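As structure tokens, the structure follows; a few thoughts come after it.
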Amino acid sequence: METADVTVREDAVLVGGPADGVRVVVAGRPRVVQVTYPCGVEGGPDGVRVEGVYVYRRVLGEEGEEGGAGRGVRYGFDVASP
């Protein structure tokens, strides 16, 4: 059985910003996760959607980051993005 292609899924928490405290499941510890919120649209053509975009970056160097006991994977709100 080939195991090299298996991606580990684990719990993570978003810290700060509009999604503070939200828990998610990530695969492969991506550097960045994106959160979107739908916005209301008035007077646009049918089918137009607008979403607010918020970026969260993986917090490195904390206890638990390299698989030890601790808080696990955390993503902090990036106020400068996008």
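First residue of the sequence shown: 0, per numbering that gives the first Met the number 0; consecutive thereafter.
Ideal Cβ positions, reconstructed from N, Cα and C, are used throughout, including at glycine.
Remember, predicted model here, so these are calculated numbers, not experimental data.
Report all residues from its chain with a CB closer than 7 Å to the CB of residue i; omit the five preceding and five following residues, and keep chain order.
| i | result |
| --- | --- |
| glycine 67 | Low confidence applies to glycine 67: its pLDDT is 41, below 50, so where it sits in the model is not reliable, and the reading given next is rough at best. Counting only Cβ-Cβ distances below 7 Å, and skipping sequence neighbours, we find nothing. |
| glycine 51 | Thr35, Tyr36, Cys38 |
| serine 80 | Val54 |
Using three-state DSSP, classify residue i as helix, strand or coil.
| i | result |
| --- | --- |
| proline 17 | helix |
| glutamate 9 | strand |
| glycine 29 | It should be noted that the sequence gives proline, not glycine, for residue 29. The answer is coil: DSSP assigns proline 29 none of H, G, I, E or B. |
| proline 37 | strand |
| phenylalanine 76 | strand |
| glycine 43 | coil |
| glycine 71 | coil |
| arginine 48 | coil |
Suppose contacts are defined by Cβ-Cβ distances below 8 Å. Is residue i in contact with residue j by that definition?
| i | j | result |
| --- | --- | --- |
| valine 24 | leucine 13 | no |
| arginine 56 | valine 31 | yes |
| valine 47 | glycine 27 | no |
Closest by CA to residue i, which one among the options?
| i | options | result |
| --- | --- | --- |
| glycine 60 | Val54, Tyr53, Gly75 | Gly75 |
| glycine 16 | Val54, Arg73, Val58 | Val54 |
Among residues of its own chain, excluding the 5 on either side of residue i, which ones have a beta-carbon nearer than 8 Å to its beta-carbon?
| i | result |
| --- | --- |
| glutamine 33 | Val52, Tyr53, Val54, Tyr55 |
| proline 29 | Arg57 |
Straight-line CA distance for residue i to residue j?
| i | j | result |
| --- | --- | --- |
| valine 40 | valine 49 | 7 Å |
| aspartate 19 | aspartate 45 | 33 Å |
| glycine 42 | glutamate 9 | 42 Å |
Give every residue of the same chain whose Cβ lies closer than 6 Å to the Cβ of residue i, excluding the five residues on either side of it in the sequence, and list them in chain order.
| i | result |
| --- | --- |
| valine 21 | Leu13 |
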